[in-house]
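Protein sequence lines, in the order shown, are assigned to chains A and B.
213 is the number of the first residue of the first sequence in the numbering used here; add one for each residue after it.
45 is the number of the first residue of the second sequence in the numbering used here; add one for each residue after it.
Comments concern the structure below.
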Amino acid sequence: MNKKELYTLKGFHREDFTITGYSFGSGDKAACIVGAIRGNEYQQMYICSQLIRILGELEERGQITSNNEILVVPCLNHYSVNVQKRFWAMDNSDINRRFPGIHGGDTTQNIAAELFDSIKGYSYGIQFTSFYMPGDFIPHVRMMETGHQSPSLANLFGLPYVVIRKPKPLDTTTLNYNWQMNGTCAFSIYSNCSDYIDDVSARQAVASVLRFLTRMGIIKYYNHSGYIAHVLDEDELMAVKTDTAGLYRGLKKPSDPVFRGDIIGEVIDPYEGEVINQIISPTEGIIFFAHTAPTVMENNVVYRIIRRLHE
Amino acid sequence: MVEEVVTVDMPVSEKIVIRKNRIMSAKLSDDAKRLSIVTGIHGDELDGQYICYELNRRIKEHVELLNGIVDIYPAVNPLGIESCTRGMPMFDLDMNRVFPGMENGATAEYLASKIVNDIIGSDMCVDLHSSNIFIKEVPQVRVFDQFKDKLMPYAELMNADFIWEYRINTVLEATLANSLNHLGVPTLVIEMGVGNKVERRYGDQIIEGIFNLMIELGMWKADKTTVRKPMISSEGSITVIHARVTGLFMAAFDDGILKKVEMGEHIGDIVEPLTGRLLHRVEAPCSGTVFTFREYPVVYEGAILCRIFGGGVHE
């Protein structure tokens, strides 16, 4: 294991901002794995830390195949993690909306550009990321439909679902998109949460990456085959919204099956305690995303359901 | 007449309400024009608040001069304005990246779609912005180059000091202005001042421009006024000075905006409070006019300190 500084920015009164990478093996740039880009992506950083621990052990035992280098970057933004801000602590810019970056540009453009120099050119790019809405997901692999995407490779992670997303303008400055445009086969992995650590889900995410690296011949490891993924378009997910605002009680979790007419959530009057709205499932299927915040607004997406899918 | 454009219930005893004030002439001719003035997409940009107030006041004072409809939308992101937050506070989401929105989408996209649909039908739209809290901008019109043939004649009416023709990148495709331009509503983007402040003189300057635009559109019965002749980015070059080091930026002058600088002129110093060291002396790399200047003095390496128009190097 080689611990190295990928980028350093001088601090003002804080200690310097340093992005640290861990490389394993040597030779061709095989795979790069990136964790927390936002300050609240604790689960993403935790997953990477576990990968670093295990890859270190595998390397000691000679289980990284020859002529393959793996780079893991557990956190791109510890300045924000340490002050509990989601985005860059000084100007609230989102580094995952600054790629491929600009050398000599403003601070976060420059961070993105410098870092991208270190993490591009790998055959495979894997990013653990999060969604802007508060909620939990079924663990899945997500790819952008850039024309370079490969759902069959995404299947090799052995996670239950692969989601293909049509990129919106906002997506074109993400790491995933720019990796793909730069020739790296890029995958975003969503474990079930961000703001807290879920060990079960983290173990599943770690196993999925080790499975993928094994199947691509980058490491020698013996693990479970995982799932044959169900591949779906993001547009196929049915959004279930609230009619009313208030306190929220979700009754279903990701992976739960639901049937048309099931009561899957309740909105409660925040002062008087009455249930003022029941969220009724409009379809049968599997819960893919579930809102977890204690409150909801009117018109809030509280679930996304994979329609007509059964366990 | 104040109208609610869209409302969304919030969890506890409150709604998000986006309002507009419609002022119209007593009689509307068949060819009466409609102008929309929009601001407050970013909650930390407040110059538009003053402009909306003053525009309302002055039009109402002489409503007999109005010929047509003026719709004033003072707060597209009311929660941002009242929580000193640039984006939508619940999602930390830049609202000016979700247009034209989706009726069926999440809250921000739903709001965006309602706003766009309400503005559609206007003959012209002016989208008012301030800068952020870090840099101060001269009053300027920003025109996406794709629409410059259509927009430049209007931009020159706005009494701005500068017109910046922008090459649009993909992210900016999702702005309100770009969406409206694509949907057939010619829309000018105005930038001025600095975040979290109202610079009254800039507001007054742009208000004159809006009245001038209304005169040109036949919406305001008054003689044409003389407006500033703006610098236009296509007629010169823009040079950007970034901080070379992290530290405290101490400007060499009180207000850099519109200052004429010579090549090599002292712009400011980046210093280190802990040790008293001068870390970097910042000098103008070219001659020209400053149209962007650092406001927030703490800088990391890469932070924008200054933009100069007229230099020899493109950004």
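The C-beta atom is built at its ideal place from N, Cα and C for all residues, glycine as well.
Predicted model only: the values in this text are computed from it and were never measured.
Inset, instruction - At 7 Å on the CB atoms, spell out the chain A contacts of Ile348(B), in chain order. - result: Asp318
Inset, instruction - Quick one: residues in its chain with C-beta nearer than 6 Å to the C-beta of Arg516(A), no 5 flanking neighbours on either side, listed in chain order? - result: Leu449, Ala451, Phe500 and Phe501
Inset, instruction - Please compile the residues from chain B whose C-beta is within a distance smaller than 7 Å of the C-beta of Val513(A). - result: Ala150
Legend entry - Residue-level contact to chain B via CB, Thr456(A), 8 Å cutoff: yes
Inset, instruction - Go ahead and pull the three-state DSSP assignment for Asn294(A). - result: helix
Legend entry - Per-residue DSSP class, three states only, for Glu253(A): coil
Inset, instruction - List the residues that DSSP assigns as beta-bridge partners of Pro469(A). - result: Ile498(A)
Inset, instruction - Report buried or exposed for Arg130(B), applying the criterion of at least 16 other Cβ atoms within 10 angstroms of its Cβ. - result: buried
Inset, instruction - Would you kindly check if the distance between the Cβ of Glu98(B) and the Cβ of Gly247(B) is under 8 Å? - result: yes
Legend entry - Of the listed residues Gly458(A), Asn289(A) and Ala417(A), nearest to Tyr439(A) (C-alpha basis): Ala417(A)
Inset, instruction - Please compile the residues from chain B whose C-beta is within a distance smaller than 8 Å of the C-beta of Tyr344(A). - result: Phe135, Asp136 and Leu137
Inset, instruction - Tell me whether Lys241(A) sits in a helix, a strand or coil according to DSSP, three-state version. - result: strand
Legend entry - Candidates Ala76(B), Pro118(B), Lys241(B) and Phe143(B): closest to Asn111(B) by CA position: Ala76(B)
Inset, instruction - Can you check DSSP and say which residues form a bridge with Val305(B)? - result: Gly332(B)
Inset, instruction - At 9 Å on the CB atoms, spell out the chain D contacts of Arg130(B), in chain order. - result: Going by chain labels, chain D is absent from the structure shown, which instead holds the protein chains A and B.
Legend entry - Cβ of Glu200(B) within 8 Å of any chain A Cβ: no
Legend entry - Segment limits, alpha helix (DSSP H) that includes Val242(B): Counting along the chain, Val242(B) falls outside any alpha helix (DSSP H), and DSSP gives it neither H nor E.
Inset, instruction - Just list the alpha helix (DSSP H) runs in the region 365 to 410 of chain A, keeping only unbroken ones of 4 residues or longer that don't cross its boundaries, in chain order. - result: 387 to 393
Inset, instruction - May I ask you to verify whether the region 337 to 352 of chain A touches the region 320 to 329 of chain A, counting CB pairs closer than 8 Å and requiring at least 3? - result: no
Inset, instruction - Compute the minimum distance between the beta carbon of Gly332(B) and the heavy atoms of the ligand COA, and state whether it is under 7 Å. - result: This structure simply doesn't include the ligand COA, nor any ligand for that matter.
Inset, instruction - Report yes if the CB atom of Glu345(B) is closer than 8 Å to the CB atom of Ala287(B), and no otherwise. - result: yes
Legend entry - C-alpha gap between Pro118(B) and Lys71(B), whole angstroms: 25 Å
Legend entry - Distance between Asn100(B) and Ala398(A) (C-alpha atoms, nearest Å): 52 Å
Legend entry - Exposed unless 16 or more other CB atoms sit within 10 angstroms - verdict on Arg186(B): buried
Inset, instruction - Have a look at Ile159(B) and Val170(B) and give me their C-alpha separation to the nearest angstrom. - result: 14 Å
Legend entry - Test: Phe501(A) CB closer than 8 Å to a CB of chain B: no
Legend entry - Residues near Ile488(A) by beta carbon distance below 8 Å, same chain, minus five either side: Thr456, Gly458, Val479, Ile480 and Asp481
Inset, instruction - Could you tell me whether the region 345 to 354 of chain B touches the region 319 to 334 of chain B, using the rule of 3 or more Cβ pairs below 8 Å? - result: yes
Inset, instruction - Rounded to whole angstroms, what's the CA-CA distance from His358(B) to Asp306(A)? Just pull it up for me. - result: For His358(B), the pLDDT reaches just 41, beneath the cut-off of 50, and the residue's location in the model is therefore unreliable, leaving the point undetermined.
Inset, instruction - Would you mind listing the beta strand (DSSP E) stretches within the region 237 to 285 of chain B that are 3+ residues and don't spill past its ends, in chain order? - result: none
Inset, instruction - Using three-state DSSP, classify Gly477(A) as helix, strand or coil. - result: strand
Legend entry - CB contact check: Phe236(A) to chain B, cutoff 8 Å: no
Inset, instruction - Determine the burial state of Gly356(B): buried for a count of at least 16 other Cβ atoms within 10 Å of its Cβ, exposed for fewer. - result: Confidence is the limiting factor: at Gly356(B) the pLDDT is only 46, short of 50, which leaves the residue's position unreliable and the question unanswerable from this model.
Legend entry - Straight-line gap, Lys180(B) to Gly317(A) (C-alpha atoms, nearest Å): 18 Å
Inset, instruction - For Gly291(B), return the contacting residues in chain A, with the cut-off set at a CB-CB distance below 7 Å. - result: Phe224
Inset, instruction - Compute the Euclidean distance between the alpha carbons of His290(A) and Asp348(A), then round it to the nearest angstrom. - result: 23 Å
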